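Since the structure comes first, as C-alpha cells, the remarks are kept for the end.
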Amino acid sequence: IQFLHEKKDEMKEFMHSRPAKEFCTHGAITISDQETALHAFELLASKGVSSVAIVDQEGRAITVVSATDLVMGLGLMGDMSMALSQLRTRNIVFFVGDSRRPDHHMSHTRAAIIAVDPEMPMDQVIEKFAKTRVHRMIVTAGDRKPLGVLSLSDVCRSLSPRGPVGGA
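Letter by letter, the sequence shown follows residues 50 to 217 in the numbering used here.
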C-alpha cells in the first residue's frame with residue numbers, strides 16, 4: 050500500500066474519479082457487540098471469511114475483528130486455560146481492543162473503527178490505508194451501518210487489468 054501511496058500522483062486521474070463503492074466487497078458480515086470472542090471465531094469459520102464488522106444494537110459499525118486479532122489476543126495470554134476462559138467469556142469489543150494495545154495489557158479498551166464513505170475517491174482511500182496501516186476498512190454511509198468491506202486485496206485487484214471483482 051505504501052507503493053500505491055507513493056505512486057498516487059501518477060494514478061491520480063484514474064483513482065480520483067473512482068469511488069470506494071466500486072471496489073469493495075458488498076454486504077458486510079456482522080457480529081453483535083454483546084457477543085464473545087469465541088462466537089467471533091465460530092462466525093469467521095462458518096462463513097469462511099477473515100473478518101467481520103462488530104455492530105451495536107442499532108446496527109452501527111463499532112470496529113472490525115479479524116482472525117489475526119483473535120489469534121494475536123490468544124497468543125498474548127501465556128496460560129492456555131486462561132486463554133480458553135477468555136475466549137468463552139470475554140466481550141468481543143474489549144478482546145479485540147486489548148489485542149491491539151501496544152502494551153498488551155488487559156483492560157476495557159475499545160478498538161477504533163476505521164471506515165470509509167462509499168463515495169470516497171480511491172486515491173483518498175489509499176492514503177487512508179497508508180496512514181492507518183490496516184488491512185481492511187468498513188464502508189459505511191453517514192449512519193455508520195456497514196455496506197461492505199474494502200481490503201488491500203480489493204485495492205490491488207482494482208489496479209489489475211481485469212479490474213474490480215466486488216464492484217457495483
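Here a beta-carbon is modelled for each residue, glycine too, at the ideal position from N, C-alpha and C.
All values derive from a computational prediction rather than experimental measurement.
Beyond the five residues adjoining it in sequence on each side, Val183 comes within less than 7 angstroms, by CB distance, of Ile163 in the same chain, given in chain order.
By the CB criterion at 7 angstroms, Val114 and Ala77 fall outside the cutoff.
The continuous alpha helix (DSSP H) containing Thr181 extends over residues 171 to 181. For Ser99, there is no enclosing beta strand (DSSP E), as DSSP marks it with neither H nor E. Between the alpha carbons of Arg185 and Asp203 lies a gap of roughly 9 angstroms. For Ala190, no beta strand (DSSP E) run applies, since DSSP gives it neither H nor E. Between the alpha carbons of Phe178 and Lys96 lies a distance of about 25 angstroms. With respect to Val198, Thr74 sits close: the two C-beta atoms are nearer than 7 angstroms. Across the structure, Val174 and Ser81 are spaced so that their CA atoms are roughly 26 angstroms apart. Gly146 sits in a helix when the DSSP states are folded into three classes. In this structure, the beta-carbon distance from Pro195 to Ala110 falls below 7 angstroms. Of the residues assessed, Asp118 falls on the buried side of the cut-off, its CB having 16 or more other CB atoms within 10 angstroms.
Taking 7 angstroms as the cut-off, the Cβ atoms of Leu136 and Leu92 do not count as close. A check of alpha carbon separations from Val98 across Thr79, Arg67, Val104 identifies Thr79 as the nearest. In this structure Thr112 touches Val142 by the C-beta definition: roughly 7 angstroms separates them, less than 8 angstroms. Listed in chain order, the non-local C-beta contacts of Thr138 below 7 angstroms within the same chain comprise Thr85, local neighbours out to five positions each way being set aside.
At least 7 angstroms separates the beta-carbon of Met169 from that of Ala102.
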